[in-house]
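Asks:
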Amino acid sequence: MKRLHCSMDPLMIGHLKNVLATFGIKCVTKKMDLISAAGQLPPTECWPELWVVDDDKLAKAKDILRKSLAPLSSVKKSWLCQNCDEKIEGQFSECWNCGCDRAGNQARGVVPLARRARLRR
Ligand SMILES: [Zn+2]
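Remember, this note's numbering sits 171 above the position in the sequence shown when you count from 1.
(1) Quick check on this structure: which residue in C198, P214, L191, L182 has the alpha carbon closest to the alpha carbon of K238?
(2) With three or more C-beta pairs closer than 8 Å as the rule, is the region 251-271 touching the region 219-229?
(3) Starting from K201, trace the beta strand (DSSP E) both ways and give me its first and last residue.
(4) Expressed to the nearest angstrom, what Euclidean distance is found between the alpha-carbon atoms of A274 and L236?
(5) Please state whether DSSP places E216 in a helix, a strand or coil.
(6) Could you give the first and the last residue of the continuous beta strand (DSSP E) run that contains R237?
(7) Here's the rule: buried if 16 or more other CB atoms are within 10 angstroms of the residue's CB, otherwise exposed. What is L248?
(8) DSSP three-state label for V223, please.
(9) From this set, T193, K202, K233, which residue's C-alpha is nearest L182's C-alpha?
(10) Per DSSP, I184 forms a beta bridge with which residues?
So, in structure tokens, the structure goes:
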């Protein structure tokens, strides 16, 4: 059994345990009740811990953990519009310039932001 992660938030540990369970990785939690007993900000060694039962799955578990903990902005890469070659930020699913989606399909009935801005003037 290997220690995977620790967090001062027991809810986060419980959440990650559930996430890993959906990937078929069995985990156990430790020190989940110490934090309430501490009364103040506890030292790291008192933080709730998440342990992977199966050592062989540690690498996979770390990978899943990294993805589920990463902020969305760093997960979503920017993309190039296939229609007009405009570079689009990862959080947008459509091109602001021409209104196409990532696959280059023009969304029907949607007026692109750039054209909307022009109409306002
Ligand atoms: Zn475009």
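C-beta: ideal position from N, C-alpha, C; glycine also.
Replies: Considering the structure as presented:
(1) Sequence index remark: in the sequence shown, residue 238 carries index 67 (1-based). Considering only alpha carbons, the answer is L191.
(2) no
(3) On the sequence shown, position 30 is the one that residue 201 refers to. Run containing K201: 198-201, per the beta strand (DSSP E) assignment.
(4) On the sequence shown, residue 274 is found 103 positions in, with the first residue counted as 1. On the sequence shown, residue 236 is found 65 positions in, with the first residue counted as 1. One C-alpha to the other measures close to 29 Å.
(5) As a working mapping, residue 216 is identified with position 45 in the sequence shown. Helix, per DSSP.
(6) For the purposes of this step, residue 237 is identified with residue 66 of the sequence shown, where counting begins at 1. That residue, R237, is in no beta strand (DSSP E); its alpha helix (DSSP H) goes 229-240.
(7) Translated into positions along the sequence shown, residue 248 becomes position 77. According to the sequence as given, residue 248 is Lys; it is not Leu. So K248 counts as exposed.
(8) Along the sequence shown, read from residue 1 onward, the residue named residue 223 stands at position 52. Strand at V223.
(9) Taking the sequence shown and counting its residues from 1, the one referred to as residue 182 is at position 11. Considering only alpha carbons, the answer is K202.
(10) Taking the sequence shown and counting its residues from 1, one reaches residue 184 at position 13. For I184, which the question treats as bridged, DSSP gives no partner whatsoever.
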